[in-house]
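Chemist:
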Amino acid sequence: MKNYKFFFLLPALALGMMTFQACTDLEPEFTDSLLAEGASGTFAGNAGDLLVTAYNDLGAFTDQANIYSLTAHTSDEMIPPTRGTDWGDNGVWRTLHAHTWDASHAFVTNSWNQLNSRVFRCNQVLASTSPAPTAQQAAEAKFLRAFYMYHVMDFWGKVPFRNVGEGVDVNPRVLSRAEAFDFVEQDLLDAMPNLPAGGPGGDATKASKAAANALLARLYLNKGVYLASNPAGPYTFDNADMDKVIAACDAVIAAGYTLDTDYFNIFKTTGVSEKIFTHNGNGGNPENRLRMTLHYDQNPSGWNGFATLADFYAKFENGDQRKGKDGLKNGTEFEGVGYGFLVGQQYKDDGSQVINSRTGLPLAFTPNVPLLGAGTADGIRVIKYHKGNYGNYIFFRLGDVMTMKAEAQLRKGDAAGAKATVDALRAARGAGDIGTLDLNKMYEERGREMYWEGVRRTDQIRFGTWSSTWSDKSVTDPTRVLFPIPQQALDSNPNLRQNDGY
Amino acid sequence: MKGNPTWPVRNADGTPFQSGRDSEPSPLAFIEYSDDQTNSLRALGNINAELNITDNLTFKTVVGFDRSISSRKNAFSRDLIAGPAIGGKGRLYTTDIQTQSNLWENYFTYTKTFGQVDFTGLLGYSYQQFQNAGARNAYAKFTTSDLDLMVNNTATAGVSSIVNSYNTTDELQSYFGRVNFSISNKYLLTATLRADGSTRFGGDNKYGYFPSAAFKWRLKEESFCPDLFSDLGLRLGYGSTGNQEIGYNRYQSRLRTGDSGINNEGNAFTGGVGSVAFENPNLKWETTTQINVGLDWAFWKGRLSGSIDWYKKNTSDMLVQVFSAQPAANDFVWDNLDADVENTGVEIAANLVAVDKDKFDWRILGNVAFNQNNVNTFSSFLNTGRIHGQGLSEAYAQRIAAGQPLFAYFLREFEGYDANGIAVYGGEGDKQVFLDKSPLPKVTWGFTNQFQFGNLDLSIFFTGQAGHYIYNNTANALFTAGALASGRNVTTDVPTNGESRNNAPDVSTRFLEKGDFIRLQDMTLGYNLPLKSKYVSSLRLFASAQNLLLISDYTGLDPEVNVNKQINGIPSLGIDYNAYPRPRTISIGANVSF
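Each protein sequence line maps, in turn, to chains S and D. Take the first sequence: its letter number 277 is residue 277 in this note's numbering, and every next letter is one higher. Take the second sequence: its letter number 383 is residue 383 in this note's numbering, and every next letter is one higher.
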């Protein structure tokens, strides 16, 4: 009996030992991913491949939610009304507009993750060893890191930082706003020599000297805000910084960009003369910009969402191209939809009236719109990227640079130079002489040129209108110039401290 | 799927009717214009052998394997109107999966009686290996609407994409020992120690050590036990167990190229290189430790018997996907949560033989369990319970935080509508707050009556839960004045409840309902035919019904519901969203023995 069992035992044991290595060390081979251990700061990544991802990652800015929503809905250029079952979305939109967001706001949290993880991706490019980045790739990664980190500094006033070799067990150190300012500036200055020149003949989807100068201009223009002892102000703008803004803007202009005399051509594939830096279309495109505002019954069918405020629209004079124009209405697909501000009756591609399927009435957008419980036709819609033809999503363009230059000239006391810069811009836009230029007119001009392009929040803070009131926004709490550090981010890193007021 | 019930089934030419709306495909068109086939092959087996080394010592070895291969082809014809990716273009996805798991287990058992002591000892080793590999492809822009051609002649696709492939292997290795002592058949003691090792953890954390011990004192065997008891025993137990259920290698920094694919316009795109995991050398086993005390008792020769148990269970180092401290390679990272989840409860069971006569027998079996759950010492929070529906992006209904039960509801306090029909919220207004309400039942119970009249028997089993709440996402998404204004059908209460068509139905207590219920879970009537046949030894006829009756105030279909509404891998509980109702089944049958 004993032998009989032994007869089976031996082959079973042998089979077991052949099939498995007895007493494994539990270190199996990892065959479908690349181990990239970050010992002593090195990283076995491929710099070129990771840089492609870092560029594609810019697509996050094309989303109507998250990063873009923090720049737009918080300002006086955009309102996200709830319309019945639409756009309630757990209050994420209306709390941005009303300045009642808190530290668990989903878009504040998501934006924190998106921007900071993109900074980390750029760190990975710079630390890669197989192969390591070329001088130009390293410069591009530094430009992108500066671009992402600039937004973290702008939104939250402090910036966490982690080197590639530091894992989950390391609490990232935290840069103050002034330290982050220096970091961003240094990255751009370091990158500059190894970046291509840019210019309208260059590849606007890649970092260039022109793009780096445009970001430097934005950085120096807001330096008074970023280095203020109280983030809520008052702000002082040094002449030396304004000179740096002007120099950076002049360097961009010298790359050969020219103002487009057809304003809405800028946003098409055909408009290249103003585009300094754009997304490449991988991982996002401008489609959301038009869907987020158009009505369901328009062509293309929209999500019946965001509108501008009546007071913002009132700042535009007739004749100014930027106020908008009708579509061709000639039967070509999507040509029923106009450009710029869509007010009043809306049209189909063939020029006939759009009927609102929810009410049975002709669809006519009205200027006044409440934040809560709006009707489907309430509020003026805004189209810059048109479904008929849109190009890549723009981060920097010449109109932005021209208005930054003019503002810097004005702030350092060169009113004549500022007026000349503004009038040159206005001439291209079909608007008349600005008259006597003051800061308020400069602010309005900046709004007319850059509406719905993601800069209004920063402009309002710099011009001191952020803590005023507007339609359905009665909170005047000056601590709202900074967003709260997301509660879960605070909990995850003991080195972070919450911003004042939250 | 939703649709207008007045739609025709077919068009005049015999093709399935389609609404033309991407979000409302007709079910028949879906069936006729799509094809989903999976071919699987599975082989499994195990061999074991046992050796009696001495009369007291035996050795056993077990070798097992389980392999499966499956291939899935999922085709959507270009004729199906269901979104821009399919309509006019057609889509085919192919997926090939190979999985295998192997097991090798060896152990020695030693049994010996020393006087009044019976001893059993066990010492063992086990090894398991799990391999998962797969590959996916996508095809679009077909020149044909023929589903067979799409699947079997893939060159009819204008665009194809090799989406991705993967191949992962995990291993588990355990060393374990157990001793059992029985002393005078009065004191029973068992103790176990396991060392479990897993490839899911790195460095020194691969192994977790999990001891357990249990003791039973048969008080009935003691001379001081009153004769009133026909059985009396006291049980004490302590034990810890480990959990390693997280994804493949989350402890090392790894890079992978993301999925390629085909976008809605029908153009192929390629994925970029990115981090799939972030260095986390501290990742380790999750541990659950339980202590329990129990008493088994019986009176009157066992006619009334039962047990009562008290337990306390603490889970620490929970493996959860948490928020990364930015800047980070990934927004969320698997980590051991610095929290302690505690369950305490009492379970009582009692069985009574109410009548025990020759022709009539009646037994009553009851059990009731009380459980209390609490999250202790957690310094952050995790949102879960995603609420879906139009205008409900970013909406969630539950939050895990210290001082609250797991999955505690976190909602606005709905108070009604203002003069304009816009929702009014109490408490902190338009803000979500904890409400001291959770989806975890405070009480669950079962109650069974068994009757026997001669050859006829009847069993009636009721079950129930109480003290918990259900979030009715179905109502939140579909039954609102705004939905009615968009031309969708709603429940009868909606048109008259005062809500404006322009109101945003945000997550609130408006859609939170009590989950208490009593269910007639099972009723079976049987009859044993008295037979004296040579060939048939017994014949029983029965009629049985499950879920015959449900008593509940819940307005949805069934309060015993749990649709997966996780957020970032954090599970949810007790949310209803278009869940299939529990079926009511009635079966009649016969059992025959030959």
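Don't be surprised by glycine CBs; every beta carbon is placed ideally from N, CA and C.
When you compare each of Ala-545(D), Ala-49(D), Ser-68(D), Gly-569(D) to Asn-39(D) by their alpha carbons, which one comes out closest?
Modeler: Closest option to Asn-39(D), Cα to Cα, is Ser-68(D).
Chemist: Tell me whether Arg-162(S) is buried or exposed, calling it buried when 16 or more other Cβ atoms sit within 10 Å of its Cβ.
Modeler: Buried is the call here.
Chemist: By alpha-carbon positions, which one of Phe-299(D), Thr-190(D), Val-561(D) ends up nearest to Asn-473(D)?
Modeler: Answer by Cα proximity: Val-561(D).
Chemist: Under a CB-based cut-off of 7 angstroms, is Thr-53(S) close to chain D?
Modeler: Thr-53(S) counts as touching chain D.
Chemist: Out of Tyr-55(S), Gly-45(S), Ile-67(S), state which residue places its alpha-carbon closest to the alpha-carbon of Phe-483(S).
Modeler: If we check each option's Cα against that of Phe-483(S), Ile-67(S) comes out closest.
Chemist: Closest to Thr-58(D) by CA distance: which of Thr-111(D), Asp-553(D), Ala-43(D), Ala-85(D) is it?
Modeler: When only C-alpha atoms are compared, the closest one is Thr-111(D).
Chemist: Looking only at its chain, what residues have a beta carbon closer than 7 angstroms to the beta carbon of Ala-133(D), apart from the 5 residues adjacent to it on each side?
Modeler: Within the same chain, Ala-133(D) has close Cβ partners Gln-98, Tyr-166, Asn-167.
Chemist: What does DSSP give as the partner residues of Leu-337(D) in its beta bridges?
Modeler: DSSP output for Leu-337(D) lists Met-318(D) as bridge partner(s).
Chemist: Between Pro-131(S) and the rest of its own chain, which residues show a CB-CB distance below 7 angstroms, the 5 nearest in sequence each way excluded?
Modeler: If we look at Pro-131(S) and ignore the five residues flanking it on each side, its Cβ neighbours are Asn-46, Ala-47.
Chemist: Could you tell me whether the Cβ of Ser-474(S) comes closer than 7 angstroms to any Cβ of chain D?
Modeler: Judged by the 7 angstroms Cβ criterion, Ser-474(S) is not in contact with chain D.
Chemist: Do you know offhand how far Ala-138(D)'s Cα is from Gln-114(S)'s?
Modeler: Cα to Cα, the separation comes out at about 29 angstroms.
Chemist: Mind listing, in chain order, the continuous beta strand (DSSP E) runs of no fewer than 3 residues lying wholly within the stretch 70-118 of chain D?
Modeler: Runs found: 91-114.
Chemist: For a contact meaning CB atoms closer than 7 angstroms, what does Lys-595(D) contact in chain S?
Modeler: The first residue shown for chain D is 1 and the last is 594, placing residue 595(D) beyond what the model contains.
Chemist: Does chain D have any CB closer than 7 angstroms to the CB of Ser-492(S)?
Modeler: True, the Cβ-Cβ gap to chain D drops below 7 angstroms.
Chemist: By Cβ distance, which residues of its chain are closer than 7 angstroms to Val-563(D), with the 5 residues on each side in sequence left out?
Modeler: Around Val-563(D): Ile-575, Asp-576, Tyr-577, Ala-579.
Chemist: Quick check on Glu-179(S): does DSSP put it in helix, strand or coil?
Modeler: The answer is helix: DSSP assigns Glu-179(S) an H, G or I state.
Chemist: Taking only three categories from DSSP, how would you classify Asn-52(D)?
Modeler: The answer is strand: DSSP assigns Asn-52(D) an E or B state.
Chemist: Look up Lys-514(D) in the DSSP assignment and give the residues it is bridged to.
Modeler: Partner(s): Tyr-469(D).
Chemist: Could you give the residue range of the beta strand (DSSP E) that holds Ala-213(D)?
Modeler: Per DSSP, Ala-213(D) belongs to the beta strand (DSSP E) from 207-217.
Chemist: Tell me which residues share the same chain as Gln-131(D) and place their Cβ nearer than 6 angstroms to its Cβ, disregarding the 5 neighbours each side in the sequence.
Modeler: Within the same chain, Gln-131(D) has close Cβ partners Gln-100, Thr-169.
Chemist: Quick one: measure Cβ to Cβ for Gln-321(D) and Ile-570(D), integer angstroms, because I've assumed they're closer than 8 angstroms.
Modeler: Yes, they are in contact, since the Cβ atoms of Gln-321(D) and Ile-570(D) sit about 7 angstroms apart, within 8 angstroms.
Chemist: Nearest to Ser-492(S) by CA position, among Glu-499(D), Leu-382(D), Leu-525(D), is which residue?
Modeler: Per the Cα distances, Leu-382(D).
Chemist: Could you tell me the distance, in whole angstroms, from the CA atom of Leu-352(D) to the CA atom of Val-63(D)?
Modeler: Roughly 46 angstroms between the two C-alpha positions.
Chemist: Can you name, in chain order, every residue of its own chain whose Cβ lies under 7 angstroms from the Cβ of Thr-156(D), other than the five neighbours on each side?
Modeler: Excluding residues within five positions, the ones whose Cβ falls inside 7 angstroms are Phe-142, Thr-143, Thr-144, Leu-149, Met-150.
Chemist: If distances are taken between C-alpha atoms only, which option among Asn-368(S), Pro-160(S), Thr-31(S), Asp-326(S) comes closest to Asp-349(S)?
Modeler: Answer by Cα proximity: Asp-326(S).
Chemist: With a CB to CB cut of under 8 angstroms and the five nearest residues on each side skipped, what residues in its chain are close to Lys-209(S)?
Modeler: Excluding residues within five positions, the ones whose Cβ falls inside 8 angstroms are Met-192, Leu-195, Pro-196, Ala-197, Gly-198, Ala-251, Ala-255.
Chemist: Could you tell me the alpha carbon to alpha carbon distance between Gly-430(S) and Asn-265(S), rounded to whole angstroms?
Modeler: Roughly 14 angstroms separates the two Cα atoms.
Chemist: Any C-beta of chain S sitting closer than 7 angstroms to the C-beta of Ser-253(D)?
Modeler: Chain S contact via Cβ: present.
Chemist: How far does the beta strand (DSSP E) with Trp-452(S) in it extend, from its first residue to its last?
Modeler: First-last for Trp-452(S): undefined, no H or E at that position.
Chemist: Name the residue from Thr-293(S), Arg-218(S), Thr-85(S) whose alpha carbon lies nearest to the alpha carbon of Leu-484(D).
Modeler: The option with the nearest alpha carbon to Leu-484(D) is Thr-85(S).
Chemist: For the putative contact between Val-119(S) and Met-149(S), defined by C-beta atoms under 8 angstroms, what is the C-beta separation to the nearest angstrom?
Modeler: Going by Cβ atoms, the distance from Val-119(S) to Met-149(S) rounds to 5 angstroms, so yes, they are a contact pair.
Chemist: For a test of the three-state rule: what should DSSP assign to Glu-444(S), helix, strand or coil?
Modeler: Reduced to three states, the DSSP call for Glu-444(S) is helix.
Chemist: Are there 16 or more other CB atoms within 10 angstroms of the CB of Leu-41(D), so buried, or fewer, so exposed?
Modeler: Exposed, because fewer than 16 other Cβ atoms sit within 10 Å of the Cβ of Leu-41(D).
Chemist: For Arg-235(D), report the span of its beta strand (DSSP E) as first-last.
Modeler: Counting along the chain, the beta strand (DSSP E) containing Arg-235(D) begins and ends at 229-243.
Chemist: Give a yes or no on whether the minimum CB-CB distance between Arg-162(S) and chain D is below 7 angstroms.
Modeler: So, interface residue.
Chemist: Please determine if the stretch 225-240 of chain S and the stretch 350-367 of chain S are in contact, where contact requires at least 3 C-beta pairs separated by less than 8 angstroms.
Modeler: The stretch 225-240 of chain S is not in contact with the stretch 350-367 of chain S.
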